[in-house]
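> Can you keep this structure in mind? I'll have questions shortly.
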Amino acid sequence: MLKRILSVLASLLVGAATLVAVPTEAQAAPNFKAPYPCGQRWTYSHHSAEVRRALDFVRADGGVTNGTPVLASAAGVATRYSQPSGAGNYIAIDHGGGWKTYYFHLGVFSVASGAYVAQGQQIGTTGSTGNSSGPHIHYEQLYNGVGQNIVINGSGLAYPGSYNQYFLTSDNGCGGSGGSFMTWGSGIRIRSDARLSAPVVGTLAGPTQVWVVCQKQGDTVTAEGYTNNWWSKLRDQNGFITNIYIDHPAAQLPGVPIC
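Throughout the sequence shown, residue numbering follows mature numbering (1 follows the signal peptide of the UniProt record, and there is no 0), covering -28 to -1, 1 to 231 in sequence.
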């Protein structure tokens, strides 16, 4: 009798242990990043008619949305799809543990179907294929096939009904790229884009240590005996200055990615 009681108790304990074992590690979400290149600032909105908790992104830093690279927001296996009447050219990335991301309306694909992609790797270009009113990135995060509220770098994003209410600057693909530089001169204007007509968003009073996240070609500037059309995107000041005022002999800074 005692053996039987002990056997029943042992079975109950094993069952209890089975019930409380939760695979939390497998369910943990990846550290998702913005689906566009480092240093770029985009605005986003949500359409109430969307089936899942999608957000649509368009550029808000003066750059052109159409043709901008679309990046994997986390590592995983990419699969290509085409739905001319709906999502257009799109990619789904399986991140494991039940997590997937979707990227709709791509102009072109940049990876093969079934390829493993790293976080920050280009998977396509922004476009307007399928049922789309204009170039944008339709972006989704799903867990076990169910759309989730979108989280970037551990923070949940808002769900505005129109653009230009909320903005997100990407750190995807920054990696070890970019770098710290000293500026020179005084009263250097920081602009919202690499154009002399772009609004001034700040000023560097004098030589300043800055972090350049990316650079791009813009308006040609002639100043202090130099001429250059390369501009640097400053991380902390969230704007561009001409590379003339970066204290480095190269017109295009080494080790700094293209915006």
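In this text, a Cβ means the ideal position worked out from N, Cα and C, and glycines have one as well.
Going by the DSSP bridge assignment, what does residue 278 pair with across the sheet?
In the structure as shown, the chain begins at -28 and stops at 231. Residue 278 is therefore absent and cannot be evaluated.
> So for Asn215, helix, strand or coil by DSSP?
Your numbering for residue 215 matches position 243 in the sequence shown. Under the three-state reduction of DSSP output, Asn215 falls in the helix class.
> Are Trp183 and Gly150 touching if we call contact CB-CB under 8 Å?
For the purposes of this step, residue 183 is taken as the residue at position 211 of the sequence shown. For the purposes of this step, residue 150 is taken as the residue at position 178 of the sequence shown. Their beta carbons are under 8 Å apart, which means Trp183 touches Gly150 by this criterion.
> Restricting to Cα atoms, I'd like to know which of Ile213, Val185, Thr192 is closest to Ala177.
Within the sequence shown, the letter at position 205 stands for residue 177. Out of Ile213, Val185, Thr192, Ile213 has the C-alpha closest to the C-alpha of Ala177.
> Rounded to whole angstroms, what's the CA-CA distance from Pro226 to Trp71? Just pull it up for me.
Numbered from 1 along the sequence shown, position 254 holds the residue referred to as residue 226. Numbered from 1 along the sequence shown, position 99 holds the residue referred to as residue 71. Distance between the alpha carbons of Pro226 and Trp71: 37 Å.
> In the structure shown, what three-state DSSP assignment does Cys186 receive?
Your numbering for residue 186 matches position 214 in the sequence shown. Looking at Cys186 - three-state DSSP - the assignment turns out to be strand.
> Tell me which residue opens and which closes the beta strand (DSSP E) that Ser54 is part of.
If you number the sequence shown from 1, residue 54 lands on position 82. Residues 48 to 55.
> Buried or exposed: where does Asp33 fall if 16 or more other Cβ atoms within 10 Å of its Cβ makes it buried?
As a working mapping, residue 33 is identified with position 61 in the sequence shown. Answer is buried; the Cβ neighbour count reaches 16.
> Which residues bound the beta strand (DSSP E) around Trp202?
Your numbering for residue 202 matches position 230 in the sequence shown. Note, Trp202: beta strand (DSSP E), 198 to 206.
> Look up Thr101 in the DSSP assignment and say whether it is helix, strand or coil.
Position 129 of the sequence shown, counted from the first residue, corresponds to residue 101. It is coil, neither helix nor strand.
> Measure the CB-CB distance between Ile95 and Val36 and report whether it falls below 8 Å.
Against the sequence shown, residue 95 aligns to sequence position 123. Against the sequence shown, residue 36 aligns to sequence position 64. No; because the gap between Cβ atoms is not below 8 Å, this pair is not in contact.
> Work out the CA separation of Asp208 and Ala50 for me, nearest whole Å.
As a working note, residue 50 is residue 78 in the sequence shown. As a working note, residue 208 is residue 236 in the sequence shown. Taking the straight line joining both Cα atoms gives about 33 Å.
> Just verifying my parser: in three-state terms, what is the DSSP assignment at Asn61?
As a position in the sequence shown, residue 61 is number 89, starting the count at 1. Note: Asn61 maps to strand in three-state DSSP.
> Gly96 by DSSP, collapsed to three states: which one?
Locating residue 96 in the sequence shown gives position 124, where the first residue counts as 1. In this structure, Gly96 counts as strand in the three-state DSSP scheme.
> Assuming contact is defined by CB atoms lying nearer than 8 Å, are Arg52 and Ser85 in contact in what I supplied?
Within the sequence shown, numbered from 1, the residue matching residue 52 stands at position 80. Within the sequence shown, numbered from 1, the residue matching residue 85 stands at position 113. Yes, the pair counts as a contact, with Cβ atoms nearer than the cut-off.
> Drop a sphere of 10 angstroms on the beta-carbon of Leu168, count the other beta-carbons inside from all chains shown, and report buried for 16 or more, exposed for fewer.
Along the sequence shown, read from residue 1 onward, the residue named residue 168 stands at position 196. Per the 10 Å Cβ criterion, exposed.
> Could you tell me whether the region 12 to 29 touches the region 122 to 138, using the rule of 3 or more Cβ pairs below 8 Å?
yes
> Within its chain, find whatever has a CB closer than 7 Å to the CB of Trp156; leave out the 5 residues flanking it on each side and keep chain order.
Along the sequence shown, one-based indexing puts residue 156 at 184. Pro179, Tyr217, Asp219, listed in sequence order.
> Could you check if Asn215 is buried or exposed, using at least 16 other CB atoms within 10 Å of its CB as the buried criterion?
By 1-based counting over the sequence shown, the position of residue 215 is 243. With 16 or more other Cβ atoms within 10 Å, it is buried.
> What is the rounded straight-line gap between the Cα of Ala(-8) and the Cα of Gly58?
Here residue -8 corresponds to residue number 21 of the sequence shown, with the count starting at 1. Here residue 58 corresponds to residue number 86 of the sequence shown, with the count starting at 1. Residue placement at Ala(-8) is flagged as unreliable, the pLDDT there being 31, under the threshold of 50; the coordinate-derived value follows with that caveat. About 41 Å.
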